[in-house]
Ligand SMILES: Cc1cc2nc3c(=O)[nH]c(=O)nc-3n(C[C@H](O)[C@H](O)[C@H](O)COP(=O)(O)OP(=O)(O)OC[C@H]3O[C@@H](n4cnc5c(N)ncnc54)[C@H](O)[C@@H]3O)c2cc1C
């Protein structure tokens, strides 16, 4: 009998000494750099946008760590990148400016970009000077991404784009967008009719982002209208009609990192401070269970970094960790509210713990939406298990 | 993965899948001590994976032992193999070799009085069948003879023997050990985590198989999205229990369990806490997918789920290990918890 349980195993991996040495450097750097940020700012974690901070991280050589040296990357290991990412998340560093570029766009361009794109853009990514947006979702295409309609038609000089993207984080301030468009309207080519494009948002005309305020008052994502947008021929990334396969690889990068369980870790830290001196065994054991989860998810996450480092494609394993990680981090604000008497408050009211709690309670619903919902992740897991 | 671990994984799976189908498990449950199985296991030296080479052992690491102990869960093995592996390791830590015979381990509150061992009401794994007991008291490994013990036969939900022994037992040997007195409790928890990982893997595989075979509404259950999501949920939980258990084994190899500082206790506590917590959902989902057939004695899902329920509590459950970790975390506070998790200082 073939065993699913045996296929889905996470070989323990430990981080190499050079990555642990890097961790120490990163900690020292973050300690100094983040001194002047309020704890509220820090609780926003990878949603907080701060170009200056990203440039400093870039100047340290800590962005685009895994990208090839010939294009200005560092050519370092997936473990090194893992360490920088997790230290930033736990410290509550404002990483939104470089987040997408460092996590997926740089790798995507390295794999599929033209020489010119690689030569001009990758150095900007590693310097922390290029902010990327992800143009995938549309008003009528969320989970069913491949049903998207925004079309790119060939013209004599390049491409003409019409349509609308939505929920595009940072589109109103990003330098580039990597977008998925329909290049073949044939209804029999739902997946094969898609292609990826690189758009220079600071140059190209006809793109209008409208910022959408989220329920907590945050202004991060946008609806982006494309009206007769002319793109040059070389805006196409990779091969026409291969967009779905490329996007699937990109999503694997998007789903495999430690941010899928660490979004609320800053809150957990502050909760521990609030519970200073707590002796109630029932409360301690609930906290302990969260710590046990965190240790478990961290080890699974490092195991995935090891698979990436070995050049494997851990789609199934990454979906599992995202699904579990999301359950963990999404439950934390509720638990914090349950274990500590202080009420959650809006920013500007209450003490800092109350404000962080108030913020994370409100944004937690998004944890299970961004990057693909649990229902979709479980569909992917089921497929990987061979039952779908 | 080390080569030894690979070889052991193969041979242990072969041994148990040959020996332990459902009818064999039923027979062992009805007949008591599985002498033939024990003979097979010891002939192959499975019990001696951590014993010294001088004593015919393999001098393996805990990571090498992991597949054997996991398999004991997966195949619902009704003999004290994990406990015996531990007993050999405890002996080896004092450069001793375990005597011949079936051991049982004691973990808590036992005392030496007038040169005799006085036991508590702890249920001892196959204590009634054991030739001798081994445990740690006041910095000494204590080995006691069971022949004068009064056996009160007990079983856990898995119907594995957990006898209590009373009376004053003759001491066969003592030797100083570098291990702390609570080591058996901690490593007992570690053994059960690996067994839970194994039994959970078996429950998952049975559920996947059954959902593929069973048809309702004209198609197999696994074609229904609700069932697919149950199975995906189950698979994630099972993988997570395996991941933290094997991490704890690896950590034990690299950092030990004694002394101050950042040893394997953190990961062991996490492993048992997570494994015990996961049992509730793993058993619930795997039974739900099976419908009524999984609730029968004839269909063998219960061989693993009943053991999961038992092992969930043995050597401490969610609340004990959660409290242990919670106390560390609250005492550390927000600034020190992450350095502890990432292994740097405590
Ligand atoms: C904070 C935030 C930032 C985001 N940033 C970006 C971004 O930068 N770029 C971008 O392209 N997108 C972005 N997104 C969009 C995100 O990827 C989508 O929200 C997500 O893919 C779900 O799509 P939807 O919101 O249209 O929900 P829908 O697809 O309409 O789903 C609604 C509900 O139905 C469920 N559902 C849908 N299909 C199925 C099915 N087949 N079976 C069972 N259940 C199903 C879903 O799981 C969900 O629970 C962002 C979203 C958020 C919340």
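Protein chains in written order, with the working numbering: chain A, 1 to 388; chain B, 389 to 734. Virtual Cβ for every residue (Gly too), placed ideally from N, Cα, C.
Does any C-beta atom of chain B lie closer than 8 Å to the C-beta of residue 120 of chain A?
Numbered from its first residue, the first chain carries residue 120 of chain A at position 120. With 8 Å as the cut-off, residue 120 of chain A does not count as an interface residue toward chain B.
Rounded to whole angstroms, what is the Cα-Cα separation between residue 700 of chain B and residue 450 of chain B?
In the second chain, counting from the first residue as 1, residue 700 of chain B sits at position 312. In the second chain, counting from the first residue as 1, residue 450 of chain B sits at position 62. If you take the alpha carbons of residue 700 of chain B and residue 450 of chain B, they lie about 21 Å apart.
Rounded to whole angstroms, what's the CA-CA distance from residue 733 of chain B to residue 427 of chain B? Just pull it up for me.
For the purposes of this step, residue 733 of chain B is identified with residue 345 of the second chain, where counting begins at 1. For the purposes of this step, residue 427 of chain B is identified with residue 39 of the second chain, where counting begins at 1. Unreliable positioning characterises residue 733 of chain B in this predicted model, as indicated by a pLDDT of 38, which lies under 50. A coordinate reading is not provided.
Any Cβ of chain B within less than 8 Å of the Cβ of residue 278 of chain A?
Reading the first chain from its first residue, position 278 is the one you call residue 278 of chain A. It does: the Cβ of residue 278 of chain A has a partner Cβ on chain B nearer than 8 Å.
Between residue 613 of chain B and ligand 1, is there a pair consisting of the residue's CB and a ligand heavy atom that are separated by less than 7 Å?
For the purposes of this step, residue 613 of chain B is taken as residue 225 along the second chain, with counting starting at 1. Checking every heavy atom of ligand 1 against the Cβ of residue 613 of chain B, one is found closer than 7 Å.
If you measure from the CB of residue 168 of chain A, is any heavy atom of ligand 1 nearer than 7 Å?
Reading the first chain from its first residue, position 168 is the one you call residue 168 of chain A. Under cutoff, so the answer is yes.
Leaving out five residues on either side along the sequence, give the residues of the same chain with a beta carbon under 8 Å from the beta carbon of residue 20 of chain A.
Counted from its first residue, the first chain places residue 20 of chain A at position 20. 83.
What does DSSP give as the partner residue(s) for residue 176 of chain A in the beta ladder?
The sequence position of residue 176 of chain A within the first chain is 176, counting from 1. A/132, A/200.
Within 10 angstroms of the Cβ of residue 729 of chain B, are there 16 or more other Cβ atoms? Answer buried if so, exposed if not.
The residue you call residue 729 of chain B lines up with position 341 of the second chain. Residue 729 of chain B should be labelled buried.
Roughly how many angstroms lie between the CA atoms of residue 537 of chain B and residue 516 of chain B, to the nearest whole one?
As a first step, residue 537 of chain B is located in the second chain; it is residue number 149 there, counting from the start. As a first step, residue 516 of chain B is located in the second chain; it is residue number 128 there, counting from the start. Rounded to whole angstroms, residue 537 of chain B to residue 516 of chain B spans 9 Å at the Cα level.
Buried or exposed for residue 154 of chain A, going by 16 or more other Cβ atoms inside 10 Å?
Position 154 of the first chain, counting from 1, holds the residue named residue 154 of chain A. Exposed: under 16 other Cβ atoms inside 10 Å.
Just to check, is the beta-carbon of residue 375 of chain A closer than 7 Å to a non-hydrogen atom of ligand 1?
Residue numbering aside, residue 375 of chain A sits at position 375 when the first chain is read from its first letter. At least one heavy atom of ligand 1 is nearer than 7 Å to the Cβ of residue 375 of chain A, so yes.
Kindly indicate the opening and closing residues of the alpha helix (DSSP H) around residue 714 of chain B.
As a working note, residue 714 of chain B is residue 326 in the second chain. Unbroken alpha helix (DSSP H) run through residue 714 of chain B: 706–720.
Report the residue ranges of all beta strand (DSSP E) runs contained in full by the segment 422–503 of chain B; include only those spanning at least 3 residues, in chain order.
Whole beta strand (DSSP E) segments, 3+ residues: 491–493, 499–501.
Return the first residue and the last residue of the beta strand (DSSP E) that residue 20 of chain A is part of.
Position 20 of the first chain, counted from the start, is the residue given in the question as residue 20 of chain A. Segment 17–33 is the alpha helix (DSSP H) holding residue 20 of chain A; no beta strand (DSSP E) there.
If distances are taken between C-alpha atoms only, which option among A/248, A/292, A/272 comes closest to residue 261 of chain A?
As a working note, residue 261 of chain A is residue 261 in the first chain. That would be A/292, whose Cα lies nearest to the Cα of residue 261 of chain A.
Which one or two residues does DSSP pair with residue 41 of chain A in a beta bridge?
In the first chain, the residue the question calls residue 41 of chain A occupies position 41. DSSP lists no partner for residue 41 of chain A.
As a quick exercise: from B/420, B/424, B/573, pick the residue whose alpha carbon is nearest that of residue 542 of chain B.
Taking the second chain and counting its residues from 1, the one referred to as residue 542 of chain B is at position 154. The residue with the shortest Cα to Cα distance from residue 542 of chain B is B/420.
When burial is assigned at 16 or more other CB atoms within 10 Å of the CB, is residue 563 of chain B buried or exposed?
The residue you call residue 563 of chain B lines up with position 175 of the second chain. Exposed.
How about residue 603 of chain B: is its C-beta nearer than 8 Å to some C-beta of chain A?
Looking up residue 603 of chain B in the second chain gives position 215. It does not; no Cβ of chain A falls within 8 Å.
Examine the Cβ distances between the segment 108–123 of chain A and the segment 149–165 of chain A and report whether three or more of them are shorter than 8 Å.
Because the criterion of three Cβ pairs below 8 Å is not met, the segment 108–123 of chain A and the segment 149–165 of chain A do not touch.
For residue 626 of chain B, go through chain A and note every residue whose CB falls closer than 9 Å to its CB, in chain order.
In the second chain, counting from the first residue as 1, residue 626 of chain B sits at position 238. Near residue 626 of chain B (Cβ distances below 9 Å), the residues of chain A are 4, 5, 8.
When DSSP labels each residue in this structure, what does residue 74 of chain A get in the three-state scheme?
One-based indexing of the first chain puts residue 74 of chain A at position 74. Of the three classes helix, strand and coil, the one that applies to residue 74 of chain A here is coil, per DSSP.
Got a sec: which bits of the segment 637–669 of chain B sit with their beta carbon under 9 Å from any beta carbon on chain A, in order along the chain?
Answer set for the segment 637–669 of chain B: 637, 638, 639, 642, 654, 655, 657, 658, 659, 660, 661, 662, 665.
So does residue 385 of chain A have its beta carbon nearer than 7 Å to some heavy atom of ligand 1?
Along the first chain, read from residue 1 onward, the residue named residue 385 of chain A stands at position 385. The answer is no for residue 385 of chain A.
For residue 163 of chain A and residue 612 of chain B, what's the separation of their Cα atoms in angstroms?
What you label residue 163 of chain A is simply residue 163 of the first chain in a count that begins at 1. What you label residue 612 of chain B is simply residue 224 of the second chain in a count that begins at 1. Taking the straight line from one Cα to the other gives about 35 Å.
Look at the alpha carbon of residue 578 of chain B and the alpha carbon of residue 335 of chain A, and state the distance between them as a whole number of angstroms.
On the second chain, position 190 is the one that residue 578 of chain B refers to. On the first chain, position 335 is the one that residue 335 of chain A refers to. Their Cα atoms are separated by approximately 27 Å.
Rounded to whole angstroms, how far is the Cβ of residue 108 of chain A from the Cβ of residue 121 of chain A, which I believe are closer than 8 Å?
Here residue 108 of chain A corresponds to residue number 108 of the first chain, with the count starting at 1. Here residue 121 of chain A corresponds to residue number 121 of the first chain, with the count starting at 1. That belief does not hold up - the Cβ atoms of residue 108 of chain A and residue 121 of chain A are roughly 11 Å apart, past 8 Å.
Does any heavy atom of ligand 1 sit closer than 7 Å to the C-beta of residue 142 of chain A?
Working through the first chain from its first residue, we reach residue 142 of chain A at position 142. True, at least one ligand heavy atom lies under 7 Å from that Cβ.
Provide the residue(s) that pair with residue 221 of chain A in DSSP beta bridges, ordered along the chain.
Numbered from 1 along the first chain, position 221 holds the residue referred to as residue 221 of chain A. For residue 221 of chain A, which the question treats as bridged, DSSP gives the partners A/169, A/212.
Counting pairs of beta carbons, one from the segment 636–645 of chain B and one from the segment 306–319 of chain A, are three or more of them closer than 8 Å?
No, the segment 636–645 of chain B is not in contact with the segment 306–319 of chain A.
Residue range of the beta strand (DSSP E) that residue 422 of chain A falls in?
The structure shown has nothing for residue 422 of chain A, since chain A only spans 1 to 388.
Taking CB distances under 8 Å as the criterion, tell me whether residue 255 of chain A reaches chain B.
As a position in the first chain, residue 255 of chain A is number 255, starting the count at 1. For residue 255 of chain A, the answer is no, since every Cβ of chain B falls outside 8 Å of its Cβ.
Name the one or two DSSP bridge partners that residue 230 of chain A has.
If you number the first chain from 1, residue 230 of chain A lands on position 230. Note: residue 230 of chain A sits in a beta bridge opposite A/160.
Could you name the residues of chain B that residue 382 of chain A contacts, counting a contact when the two beta carbons are closer than 7 Å?
Within the first chain, residue 382 of chain A is the residue found at index 382, counting from 1. Per Cβ cutoff of 7 Å: 616, 619, 620.
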